[in-house]
Structure formats: structure tokens, C-alpha cells
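Numbering (numbering that gives the first Met the number 0), first residue to last: 0 to 306.
Comments concern the structure below.
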Amino acid sequence: MNSDWQIELRALRYFICVAEEKSFTRAAGRLRIAQPALSRQIKKLEEDLRVQLFIRNSRGAELTEAGEILLRRAYLIFNQVQQTHHDVTIHSRHLGGVVSVGMPPTPGEFIAPRLLERSKERYPDIELRFVEGFSGELERKLANNEIGVAVMHDPAPRDDIRISKLLVEHLCLVGRSGTLAKPEYSLAEAGSYPLVMPSRPNFLRILIDGHAERLDIPLNIVTRSDGIGHTKSLVKYGHGFTILTYGAVISEVQQGVLQAVPICNPEILWTLCVAMRTDQGRKRTLAVIEELIQEVVQELVAEGIWK
């Protein structure tokens, strides 16, 4: 590496955008610059660092190992820049800047639209950036300062992350409409159905496996699916059943294509939380977004949209 390399924030911002979009074309559109200009910036960055950052292929642009390292460092650099700006302007009443919010697919479907609307109303100079991922991935991103606020299920206690409970969800046996006749099912009964389930170390899978192992209940897993959209589609078309929260399938239940019946004996609870790094607690922009998330979830529960 060139020891005289001087960091250019613009070049790093361009690099992050290409890495996130996995495409020079999409990144150029998002940045509103010409693609050749973007390519020149990335090429110059590679020349300055004397490493290849991307591999172009038919799917777009994939990060090299060096690119993965730079992406992690780039996120940290921009978080430090934002933290510096915050510390310098902490006494100002004006709130602004970019807040990255990570959410799993299902909670994000409910929370994100209303959170964005509320944030625009109250804090028009705060720009929200939404990041989708499962809880384990979001916990890692939060710990690495790649996101500022995370909505997660059952995160393990950590000294570097502050966790606040949002709500407790009940797990249900989910099947195609008309296939579940009972008002509730025991875990042993649910486990006997042909199940479509995520692979470990998915947090939901770990939770269900833990209950099943403690009670010596075998789970009849016939298909593994690591995307909730794929899982629901497989169940909808009769390829098995699954175990999810009611909130994960509320739209499909209302449309009459899926059923969701509570699991009892034992009742399996999944706690949804909002989390921030403990060393970011003084950052007002993060704090107000965390408060808005709590407010939105309380409203959704009160309105019966989420339970």
C-alpha cells in the first residue's frame, strides 16, 4: 500500500455506493454522476491503494477480499466523521445527518414506512438509510458501526450494545389456507408437519431448535429456506408448513392464502428489540430515531395491526 495515500471522502463514498449496489450502473444512478466518471474514481482509488477492489462479472461488481476490508474501514471512517460533526455541534438544537437503520424483513415491512413518514415530519434534515438483514447480520453491523440503530429479535446481552424491548411476539404454525383445523397446536404436533425452515444460525431457527431439544421433540424439516419471501411462497403453494410470528404473515392471512395458528405447550415467545451501541448513547440523532421506532411499534400494536 502507498504509505503516502491521502484519504478522499468523496472517493470512499463512491466506493461504498458501488459496494452496496453491487453495480457501477446502479451506483452511478444513485450518485447522479456519469458511469465513466465513477469508474475513473474507483480506478484511481485502486491505483492509489495498489489493490483490486472489485471483480466485474455478469452479475455486476463483486468485492475482492481487499475490497471487503476497505468497506468495513470506510464505514468506520464515515461514522467517525459523523460523530465528530455531532460532537462539535452538540449544543445546536438542529438535528440532521444520515442515520442508518437496520431491520429484518418482516418488522421492516411494518415499521419502515411509518418511521420514514414520522421522521420527515419531525426531523426533516435527518436522512434515513434503511438496511435489511436478519438479526445476526444486523448485530454484527451494529457492533462494527456500519449501522446506527438496529431492530432485532432476541439479541444476546453485550456490554457494547444497549438493548430496549419493543414487543413480545408469539410463534405460530403457518400453512396454506384450509390446512390447519385446530385453534392451537403443541410444538410436538407442529414439529410433525413437513416444515420449511431457515438454516442455522438463523436466530428464529435457534430459538425453535432450543425448545424442541429441551423437550426431546423431533422436527420434520423437509426443506431449508433462508429467505422469508421464499418460505412463504413455498408454503402458499403447498410445499410444506413453517413456524413464524403472526406479524410475518398478516398480509397473507388477510388475503386468505395462509393460516397462522398459535403454538402452545410450550408457548414460544420471540422478543423484538431496538438496539444502539453504548458508546453512541449521546448522539441525539440516533436517540430520536430510536424513540420514533418505539413510538411507531406502540401505535401498530394499539391499532391491532401488529400482535
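Glycine included, every Cβ here is placed at the ideal spot set by N, Cα and C.
Shown here, Lys-42 sits in a helix according to DSSP, grouped into three states.
Within the segment 216-300, the beta strand (DSSP E) runs of at least 3 residues that lie entirely inside it are, in chain order, 220-223, 241-244, 257-263, 268-276.
Just measuring C-alpha positions, the residue of Ile-220, Pro-197, His-210, Val-221 sitting nearest Gly-228 is Pro-197.
If you look at Leu-8, you'll find it in the alpha helix (DSSP H) that goes 8-20. Where Leu-127 is concerned, there is no enclosing alpha helix (DSSP H), although the beta strand (DSSP E) around it starts and stops at 125-131. In the assembly as shown, Ser-134 is a buried residue. Its beta-carbon has 16 or more other beta-carbons within 10 Å.
Excluding sequence positions up to five before and after Glu-61, its CB lies within less than 6 Å of the CB of Ile-54, all in the same chain and listed in chain order.
With fewer than 16 other beta carbons inside 10 angstroms of its own, Val-97 counts as exposed. Inclusion of Ile-160 and Ala-142 in the CB contact set at 8 Å is warranted, their separation being smaller than that value. In this structure, the alpha-carbon of Lys-21 lies about 35 Å from that of Val-252. Here Gly-174 has Phe-240, Gln-258 as same chain residues with Cβ atoms under 6 Å from its own Cβ, once five neighbours each way along the sequence are excluded.
Beta-bridge partners assigned by DSSP to Ser-191: none are found. Around the beta carbon of Ala-33, a 10 Å sphere encloses fewer than 16 other beta carbons of the protein chains shown; the residue is thus reported as exposed. In the pairwise beta carbon analysis, the segment 173-191 is classified as not touching the segment 123-137: fewer than three pairs are separated by under 8 Å.
Taking Phe-109 as the centre and dropping the five residues before and after it, the same chain places the C-beta of Leu-299, Trp-305 closer than 6 Å to its C-beta, in chain order. Taking a cut-off of 8 Å for Cβ pairs, the segment 6-18 and the segment 32-46 touch, as three or more such pairs fall below it. With contacts defined as CB atoms closer than 8 Å, Val-295 and Arg-113 qualify as a contacting pair.
By the C-beta criterion, the segment 285-292 is judged not to be in contact with the segment 204-216, since fewer than 3 inter-stretch pairs fall below 8 Å. Beta-bridge pairing by DSSP links Glu-168 to Trp-269. For the options Glu-46, Tyr-236, Ser-232, the alpha carbon positioned closest to that of Ala-247 is the one of Ser-232. A residue is called buried once 16 or more other Cβ atoms fall within 10 Å of its Cβ, and Asn-56, having fewer, is exposed. Comparing C-alpha distances from Glu-168 to each of Leu-11, Ile-262, Pro-35, Gly-66 shows the shortest one belongs to Ile-262. Rounded to the nearest angstrom, the gap between the Cα atoms of Ile-242 and Leu-172 is 5 Å. At the C-beta level, Leu-69 and Phe-23 stay beyond 8 Å of one another.
Cα atoms of Ser-118 and Val-100: separation of roughly 12 Å, rounded to the nearest angstrom.
The Cβ neighbour count for Leu-75, taken over all protein chains shown within 10 Å, is under 16; the residue is labelled exposed. Using a 10 angstroms sphere on the CB of Val-195, the tally of other CB atoms reaches 16 or more, which defines it as buried. Linking Glu-46 to Arg-72 through their CA atoms gives a straight-line distance of about 18 Å.
Residue pairing for Ile-162: DSSP places it in a beta bridge opposite Ala-274. Beyond the five residues adjoining it in sequence on each side, Thr-230 comes within less than 6 Å, by CB distance, of Val-195, Ser-224, Thr-241 in the same chain, given in chain order. Of the residues Glu-116, Leu-48, Val-50, the one whose Cα lies closest to the Cα of Leu-127 is Glu-116.
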